[in-house]
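The structure under discussion appears below in the form of structure tokens.
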Amino acid sequence: MQVAKNTVVTLDYSVTDTDGELVDAGQEPLVYLHGGYDDIFPMIEEAMHGKRIGESAVVKMQPDDAFGEYDADLVQLEPRSQFPLELHVGMQFEGVPEGADDEDDEDVLIYRVTEIADDKVVLDGNHPLAGMALVFTCTVTDVRPATAEEISHGHTHDDNCDDDD
Numbered sequence: 001m002q003v004a005k006n007t008v009v010t011l012d013y014s015v016t017d018t019d020g021e022l023v024d025a026g027q028e029p030l031v032y033l034h035g036g037y038d039d040i041f042p043m044i045e046e047a048m049h050g051k052r053i054g055e056s057a058v059v060k061m062q063p064d065d066a067f068g069e070y071d072a073d074l075v076q077l078e079p080r081s082q083f084p085l086e087l088h089v090g091m092q093f094e095g096v097p098e099g100a101d102d103e104d105d106e107d108v109l110i111y112r113v114t115e116i117a118d119d120k121v122v123l124d125g126n127h128p129l130a131g132m133a134l135v136f137t138c139t140v141t142d143v144r145p146a147t148a149e150e151i152s153h154g155h156t157h158d159d160n161c162d163d164d165d
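Taking the numbering used here, I'd label the letters of the sequence shown as residues 1 to 165.
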């Protein structure tokens, strides 16, 4: 079976930077609904279209095609007193960027703690790979027809899926 619209595709993948340094080993397979459902980067979906099990593609993506440019406005300095005692670099918190509508869920970002000083904490709302050109190497390991439910919901369903979409 070929990768086509309304198929569920399973990929083994790895991600490197443009110097060949491994960024993501892709230890878990990537499963997505093919056909413009925004389940995967459009350039990867385009490269996988028509492939069969065992076939691969290498996709080079600029920051705008992947996780976006790095936005210095998403870095915030907050008082240490606003955080739990058990705080360490790498912890993540949900938050709304300054000036965003607190009521709009689309404005919620995941902020990572990138630095801790005596009385201040530096939070970064950028994706860890923002600003990086990336190379995705993908191999199709499975293709199956999507179910009617997956197509109507616009994403794949597996054993962990909550069907109350």
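No residue lacks a Cβ here, since even glycine has one placed at the ideal position from N, Cα and C. Just so you know, these numbers come straight off a predicted model, no measurement behind them.
Check your understanding: Which value, in whole angstroms, describes the spacing of the CA atoms of D118 and A25?
Key -> 35 angstroms
Practice item. Return the chain-ordered list of same chain residues with a C-beta closer than 6 angstroms to the C-beta of D159, the five sequence neighbours on each side being excluded. Key: With a pLDDT of 48 at D159, under the threshold of 50, the modelled position of this residue cannot be trusted; read the value that follows with caution. Nothing meets the Cβ criterion.
**Study point:** Chain-order list of residues whose beta-carbon lies under 8 angstroms from that of Q2 (same chain, five-residue window excluded)
**Key:** G50, K51, R52 and V143
**Study point:** Reference E78, options C138, Y70 and I116, closest by Cα
**Key:** I116
**Study point:** Pick from E86, A72 and F136 that is closest to L123, judged by C-alpha positions
**Key:** A72
Point to revise | Coarse secondary structure for M132, derived from DSSP in three states | key: coil
Exercise for review: Apply the 10 Å Cβ neighbour rule to A148 and answer buried if 16 or more other Cβ atoms are within range, or exposed otherwise.
Suggested key: exposed
Check your understanding: Measuring CA to CA, which of E150, C138 and H153 is closest to E28?
Key -> C138
Review point. For the segment 3–79, which segments carrying the beta strand (DSSP E) assignment without a break, of at least 3 residues, lie completely within its bounds, in sequence order?
Key: 7–17, 22–24, 30–34, 56–61 and 75–79
Point to revise | Host beta strand (DSSP E) of E94 (start-end) | key: Q92 to G95
Exercise for review: Would you mind giving the Cβ-Cβ distance between L33 and Y13, rounded to the nearest angstrom? I have them listed as a contact below 8 angstroms.
Suggested key: In fact, because the Cβ distance is near 16 angstroms, the residues do not count as touching under 8 angstroms.
Check your understanding: Between which two residues does the alpha helix (DSSP H) harbouring E149 extend?
Key -> A148 to H153
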